[in-house]
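Visitor: Numbering (this note's numbering), first residue to last: 1 to 509. For each residue, glycine too, the CB sits at the ideal point set by N, CA and C.
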Amino acid sequence: MTVTGDAPMLLAVDVGTSALKAVVYTAAGQTLAVATQRYAYATPQPGWAEGDPEAWWAAFCAATQALRAQGLRLDQLTAIAFTGQMHSAVLLDAGHTALSPTILWLDRRAHVETELLQQRYQLPPYQLNSTYTLPKLLWLRRHRPDVLERTAAILWPKDYLRFRLSGLLATDLTECGGAALLDWPTQTWALDRLAFVGLDASVLPPILPADAIIASPRPALAAELGLNPAAGILTGVGDVAALITGAPPRPGRVVCSLGSSSMVFMALAPGQRAQDRADRLYIYPFLPPYRLAGGVSSTTGAALSWMHQQFFGQQSPEVSFTQAAEKALAVEPGAEGLIFLPYLAGERSPYWSDEIRGGFYGLRLSHEPRHLARAVMEGVAFSLRHLLDIYAEMGLPVTELALAGGGANTPGLAQIIADACGHDAAIYTAEETVTRALYALCQQALGQEEMAVALERTFGPPRWVRRRPPLAPAYAAAYAAYRRFSAFAAQEAAPDHVPPPSPFPEQQK
Numbered sequence: 001m002t003v004t005g006d007a008p009m010l011l012a013v014d015v016g017t018s019a020l021k022a023v024v025y026t027a028a029g030q031t032l033a034v035a036t037q038r039y040a041y042a043t044p045q046p047g048w049a050e051g052d053p054e055a056w057w058a059a060f061c062a063a064t065q066a067l068r069a070q071g072l073r074l075d076q077l078t079a080i081a082f083t084g085q086m087h088s089a090v091l092l093d094a095g096h097t098a099l100s101p102t103i104l105w106l107d108r109r110a111h112v113e114t115e116l117l118q119q120r121y122q123l124p125p126y127q128l129n130s131t132y133t134l135p136k137l138l139w140l141r142r143h144r145p146d147v148l149e150r151t152a153a154i155l156w157p158k159d160y161l162r163f164r165l166s167g168l169l170a171t172d173l174t175e176c177g178g179a180a181l182l183d184w185p186t187q188t189w190a191l192d193r194l195a196f197v198g199l200d201a202s203v204l205p206p207i208l209p210a211d212a213i214i215a216s217p218r219p220a221l222a223a224e225l226g227l228n229p230a231a232g233i234l235t236g237v238g239d240v241a242a243l244i245t246g247a248p249p250r251p252g253r254v255v256c257s258l259g260s261s262s263m264v265f266m267a268l269a270p271g272q273r274a275q276d277r278a279d280r281l282y283i284y285p286f287l288p289p290y291r292l293a294g295g296v297s298s299t300t301g302a303a304l305s306w307m308h309q310q311f312f313g314q315q316s317p318e319v320s321f322t323q324a325a326e327k328a329l330a331v332e333p334g335a336e337g338l339i340f341l342p343y344l345a346g347e348r349s350p351y352w353s354d355e356i357r358g359g360f361y362g363l364r365l366s367h368e369p370r371h372l373a374r375a376v377m378e379g380v381a382f383s384l385r386h387l388l389d390i391y392a393e394m395g396l397p398v399t400e401l402a403l404a405g406g407g408a409n410t411p412g413l414a415q416i417i418a419d420a421c422g423h424d425a426a427i428y429t430a431e432e433t434v435t436r437a438l439y440a441l442c443q444q445a446l447g448q449e450e451m452a453v454a455l456e457r458t459f460g461p462p463r464w465v466r467r468r469p470p471l472a473p474a475y476a477a478a479y480a481a482y483r484r485f486s487a488f489a490a491q492e493a494a495p496d497h498v499p500p501p502s503p504f505p506e507q508q509k
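1. According to DSSP, is Ile390 helix, strand or coil?
2. Report the rounded CA-to-CA distance for Thr297 versus Asp419, giving the unit in angstroms.
3. In whole angstroms, give me the CA-to-CA distance for Arg484 and Ala303.
4. Measure the CB-CB distance between Ser257 and Ala425 and report whether it falls below 9 Å.
5. So, is Ala33 buried or exposed, given that buried needs 16 or more other C-beta atoms within 10 angstroms?
6. On a CA-only basis, which of Tyr343, Tyr351 and Ser349 is nearest Arg357? Give me that one, please.
7. Could you tell me if Pro53 is buried or exposed, where buried requires 16 or more neighbouring beta carbons within 10 angstroms of its beta carbon?
8. Can you tell which of Asp192, Trp156 and Leu161 has its C-alpha closest to the C-alpha of Cys176?
9. Taking the beta carbon of Pro46 as the centre, do at least 16 other beta carbons fall within 10 Å, making it buried, or is it exposed?
10. Where does Gly167 land, buried or exposed, given buried means 16+ other C-beta within 10 angstroms?
11. DSSP three-state label for Arg164, please.
12. Glu450 by DSSP, collapsed to three states: which one?
13. Just to confirm my understanding: we take Ser130, look at its own chain, exclude 5 residues before and 5 after, and list those with CB closer than 6 Å. What are they?
14. Here's a check: name, in chain order, each residue in its chain whose Cβ is nearer than 6 Å to the Cβ of Pro248, leaving out the five neighbours to either side.
15. When DSSP builds the beta bridges, which residues end up paired with Ser262?
16. When the distance is taken between beta carbons, is Val13 closer than 9 Å to Leu161?
17. In this structure, how does DSSP classify Val376 when only helix, strand and coil are distinguished?
18. What residues match up with Gly232 in a beta bridge as DSSP calls it?
19. Does the contact criterion of 3 or more C-beta pairs under 8 Å hold for the region 53 to 64 versus the region 197 to 210?
20. Taking DSSP as the reference, what is the three-state secondary structure of Tyr479?
21. With 16 other CB atoms within 10 Å as the buried threshold, where does Pro133 fall?
22. Of all the beta strand (DSSP E) runs that stay within the bounds of the region 264 to 339, which reach a length of 3 or more residues?
23. With C-beta atoms as the reference, is Gln415 less than 9 Å away from Arg463?
24. Grouping DSSP H, G and I as helix and E and B as strand, with all else coil, what is Leu20?
25. Going by the beta-carbon positions, is the gap between Ala27 and Leu10 smaller than 9 Å?
26. Drop a sphere of 10 angstroms on the beta-carbon of Arg144, count the other beta-carbons inside from all chains shown, and report buried for 16 or more, exposed for fewer.
27. To the nearest angstrom, how far is the alpha carbon of His497 from that of Gln119?
28. Does Asp159 come out as helix, strand or coil in the three-state DSSP assignment?
29. Following the continuous beta strand (DSSP E) through Pro400, name the residue where it begins and the one where it ends.
30. Check whether the Cβ atoms of Ala241 and Thr17 lie closer than 9 Å to each other.
31. The beta strand (DSSP E) with Thr97 in it runs from where to where?
32. Starting from Thr435, follow its DSSP beta bridges and name the residues at the other end.
33. Assuming the contact rule is C-beta atoms closer than 8 Å, Asp93 and Ala152 should be a hit. Round their C-beta distance to whole Å, please.
34. Quick one: grab the DSSP three-state call for Val237.
35. Which ranges would you report for the alpha helix (DSSP H) in the region 143 to 226 if only whole runs of at least 4 residues count?
36. What is the rounded straight-line gap between the Cα of Val465 and the Cα of Ile427?
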């Protein structure tokens, strides 16, 4: 593609776990070009995952070269914004060189440290879990104190790329919240937690608004990469911003992004106050102008894939995923008394438990694989309805559902969700990509339009699935059974409250 003319262009960069994507947008939101560069991460031990920040920077440089090879005039860019994987702290030494390797978000080595921190600080589960930065810093304090002794600054992946490009150390609130280093009420650094892991406050960067234009490319790098040296570089935002790219956020609308796990949220109206005192759902305040009440269901799409593989994947001739779903749809609602709990890898909302387990209840000799498949699909729908009940308890009326992500295209699943939850569902099939949120953020930063207005324009019209009221009694009975068995599973998974070990091995006798 050859691009000519002097129309403003916006460069949105997403540094992911295994690939970097760079997208160039026009001011109207049209995608001009995309470049993707892949890289590997290491798994030196089971449960470990480590990345190389230098590989991310090399991928960014290669992506700019690939965009220029497509005919893009990057010297005409108006703004540049970064996003990326969260929780993965990049530790820098006194010369601001990355202390590789970086422990990535999906690394689970710090599960003991997570328990130690939770015992000490009693944080809500959405503010602290083993994917977050703080437990990994405590792991380093206990097992690799030499690394922390050399640490002079902490950034996160998108901040690291912005630093390499501009020389400015900074971050935004999404990263602070995802690090478990933020005091949520004051939205300032929780310095007592940092001190607990043995680091000084000087290692933390300033917290700046996500839409602030805070720098420009270093002139030498701009010349090397073919960038406009006057382009404004935004603070940027963590990839949690992908939440708002599945469907347009609106008060009263619950958006469910159906992937291997499912993100569920509702945008609050301006000035609207809400709280779940049981901490099953949380209020996420770090994506202005949106305040999101939401949570995560851990293994929704993963449960569907498991169902296909276990019940149909070994059959001959092979049964496709679509065919398996169609067999399930031939079973009446309620799956002839069969209930499925989709907790195949623990559950986040509403239980926030790594120990809770899924399973079937009500199996009979007459049940066939199609009944089990139907129960799995209904279990996924009921996990969403459970969260809708919590919204009601919080005083947040639900008026409609919006479904997005790959799971929204599973044959019949949207209809089951609409029927089981008792709400019409708007289906959005456009690709979810966090770079669309960056485009909208850039438009706001440049003073062109409000972020919400720019984001809304990036969505096409939805396809509607209408609920079928005559099926409500059957689903109500099945859902009541689901809730009973769900409560039983949660009770069985309750911790025994064994006192944790000492935070630091050298203190153990």
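Guide: Per the coordinate set shown:
1. helix
2. The residue you asked about is not Thr; residue 297 is Ser in the sequence shown. Answer to the nearest angstrom: the Cα atoms are 19 Å apart.
3. 20 Å
4. no
5. buried
6. Tyr343
7. buried
8. Trp156
9. exposed
10. exposed
11. helix
12. coil
13. Arg108, Ala110, His111 and Thr114
14. Glu456 and Phe459
15. Leu258 and Ser297
16. yes
17. helix
18. Ala79
19. no
20. helix
21. Just to set this straight, residue 133 is Thr in the shown sequence, not Pro. Per the 10 Å Cβ criterion, buried.
22. 282 to 287 and 290 to 297
23. no
24. strand
25. yes
26. exposed
27. Note that His497 has pLDDT 47, beneath the 50 cutoff, so the model's placement of it is unreliable and the number below is only indicative. Whole-angstrom Cα-Cα distance: 10 Å.
28. helix
29. Per the sequence presented here, residue 400 reads as Glu, with Pro not at that position. Per DSSP, Glu400 belongs to the beta strand (DSSP E) from Glu400 to Ala404.
30. no
31. Careful: Thr97 lies outside any beta strand (DSSP E) and carries neither H nor E.
32. The partner list for Thr435 (beta bridge, DSSP) is empty, contrary to what the question assumes.
33. 6 Å
34. coil
35. 145 to 149, 157 to 166, 173 to 179, 191 to 196 and 219 to 225
36. 7 Å
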